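Going letter by letter, the sequence shown gives residues 753 to 859 in our numbering.
Encoded as structure tokens, the structure appears first; notes follow it.
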Amino acid sequence: MVPESFESRVVKIIKEIPRGKIATYGQIAALALSPRSALMVGRILRNKSEIFELPWHRVTGKNGRITIVNINFPAEIQAELLKSEGVEVEKSGNNYTANYAKYMWVR
């Protein structure tokens, strides 16, 4: 039996995040059994979100901070998608932060 790849585990975990909840890159990496691979989670989201139809907007940085840096999917879009699911998002300057304590996904 071939062991499941890190990418496969990450994709499966991200697909489990329900509407109105958020998870961090680090949280997903830890659930995928590689707690030091938060950057790889970001890379998978950037390169595979469309292919696997991932709810990329439900993944944030530490403490709910929206850390996305992508011309095609700017932070404003992620904030609006989260708000459309009922997640409270605050803007401070150019930064957006979702209320992680309230909307944190627990698997």
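Ideal placement from N, C-alpha and C gives every residue a C-beta, glycine not left out.
Please read all numbers here as calculations on a predicted model, not as lab measurements.
Checklist entry - Rounded to a whole number of angstroms, what is the C-alpha to C-alpha distance between R760 and N851? => result In the sequence as displayed, the identity of residue 760 is Ser instead of Arg. One C-alpha to the other measures close to 28 Å.
Checklist entry - Just checking, does the stretch 830–841 make contact with the stretch 786–802 on the three C-beta pairs under 8 Å criterion? => result no
Item to check | I818 vs Y848 beta-carbon contact at 8 Å | outcome: yes
Checklist entry - To the nearest angstrom, how far is it from the Cα of V821 to the Cα of E805? => result 19 Å
Checklist entry - Excluding five sequence neighbours on each side, which residues of the same chain lie with their C-beta closer than 7 Å to the C-beta of G816? => result I774, T849, A850, N851, Y852
Checklist entry - By Cβ distance below 6 Å, which residues in the same chain neighbour R788 in space, the five residues on each side in sequence not counted? => result none
Checklist entry - Could you give the distance in angstroms between the alpha-carbon of A790 and the alpha-carbon of N824? => result 21 Å
Item to check | Buried versus exposed, by CB contacts within 10 Å (16 or more), R810 | outcome: buried
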